[in-house]
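Student: Each protein sequence line maps, in turn, to chains A and U. Under this note's numbering, the first residue of the first sequence carries the number 118, and numbering increases by one thereafter. Under this note's numbering, the first residue of the second sequence carries the number 941, and numbering increases by one thereafter.
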Amino acid sequence: DVKVTQSSRYLVKRTGEKVFLECVQDMDHENMFWYRQDPGLGLRLIYFSYDVKMKEKGDIPEGYSVSREKKERFSLILESASTNQTSMYLCASSQQTGGRAGHTQYFGPGTRLTVL
Amino acid sequence: RKEVEQDPGPFNVPEGATVAFNCTYSNSASQSFFWYRQDCRKEPKLLMSVYSSGNEDGRFTAQLNRASQYISLLIRDSKLSDSATYLCVVNKVNTGGFKTIFGAGTRLFVKA
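#1: Which residues, in chain order, does the segment 163 to 182 of chain A contribute to contact with chain U at a C-beta distance below 8 Å?
#2: Between the segment 945 to 953 of chain U and the segment 992 to 1010 of chain U, do three or more beta carbon pairs fall short of 8 Å?
#3: Which residues does DSSP list as the beta-bridge partners of U/Met-988?
#4: Under 8 Å between C-beta atoms, does U/Phe-1038 make it to chain A?
#5: Would you mind stating whether A/Phe-191 and A/Ser-166 have Cβ atoms separated by less than 8 Å?
#6: Starting from U/Asn-1005 and walking both ways along the beta strand (DSSP E), at which residues does that stretch end?
#7: I think U/Glu-983 touches U/Thr-964, with their Cβ atoms under 8 Å apart; what is that distance to the nearest whole Å?
#8: Rounded to whole angstroms, what's the CA-CA distance from U/Gly-956 to U/Ile-1015? Just pull it up for me.
#9: Using only the alpha-carbon positions, how far apart do U/Gly-1043 and A/Glu-179 sit?
#10: Assess contact between the segment 141 to 149 of chain A and the segment 200 to 212 of chain A, defined as three or more Cβ pairs (one per stretch) separated by less than 8 Å. Is contact present?
#11: The beta strand (DSSP E) spanning U/Pro-948 covers which residue range?
In structure tokens:
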């Protein structure tokens, strides 16, 4: 079974704090993703990575950065947290193949971040 | 206009009912299609892929109409445990690989 874990289920931070969200997958997947999910807006892609040390901006990268130093780990960083970054953050991973199976994304349990 | 659009619902149905969800996508270059299920306060999980010929998995049937850029999910004989949010997902080829786009989801409540 694919397992994607995230460092925290719930996190409360203050405006201006630096926040680190960690994600680890144990299936040797090449692709990793960070999304945020807000009511009525669905899942929005923040950043993704196809390989170690590689990153690509998603649809809403502003205010975020990422780090992928090891294949199994993808970190999301909020340099200076703001109240509009209060959200559910979901990490996902997938294989990098040409077939359909390679496009299935496996999600972590999510981190509910509240910025006060 | 969103790239993937779904009726947000909620759909409230009694146990045993048949319910259908629709999803439209705007990019004709989209290549593969999926339905994910997300339970309350849980992460999304793949429910089924959607093939052009249509496919069935037990009580669930998925259909794709490329000409109309339309995807559907039919649930027969609804169970209480089917209560969840159903996400329509589309993959399209993008520079450097592919891009996955999630719909905002359709909420289903199945009542006894």
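We put the CB at the ideal spot given by N, CA and C, even for glycine.
Tutor: Reading it off the structure:
#1: Tyr-167 and Glu-173
#2: no
#3: Reading the second sequence from its first residue, position 48 is the one you call residue 988 of chain U. According to DSSP, U/Met-988 bridges with U/Trp-975.
#4: Counting from 1 along the second sequence, the entry for residue 1038 of chain U is found at position 98. With 8 Å as the cut-off, U/Phe-1038 counts as an interface residue toward chain A.
#5: Here residue 191 of chain A corresponds to residue number 74 of the first sequence, with the count starting at 1. Here residue 166 of chain A corresponds to residue number 49 of the first sequence, with the count starting at 1. Yes, they are a contact pair.
#6: As a working note, residue 1005 of chain U is residue 65 in the second sequence. From DSSP, the beta strand (DSSP E) with U/Asn-1005 extends over 1000 to 1005.
#7: Position 43 of the second sequence, counted from the first residue, corresponds to residue 983 of chain U. Position 24 of the second sequence, counted from the first residue, corresponds to residue 964 of chain U. Not confirmed; about 25 Å, so no contact.
#8: Taking the second sequence and counting its residues from 1, one reaches residue 956 of chain U at position 16. Taking the second sequence and counting its residues from 1, one reaches residue 1015 of chain U at position 75. Answer to the nearest angstrom: the Cα atoms are 10 Å apart.
#9: Start at 1 with the first residue of the second sequence, and residue 1043 of chain U comes out as number 103. Start at 1 with the first residue of the first sequence, and residue 179 of chain A comes out as number 62. Roughly 21 Å between the two C-alpha positions.
#10: yes
#11: One-based indexing of the second sequence puts residue 948 of chain U at position 8. First-last for U/Pro-948: undefined, no H or E at that position.
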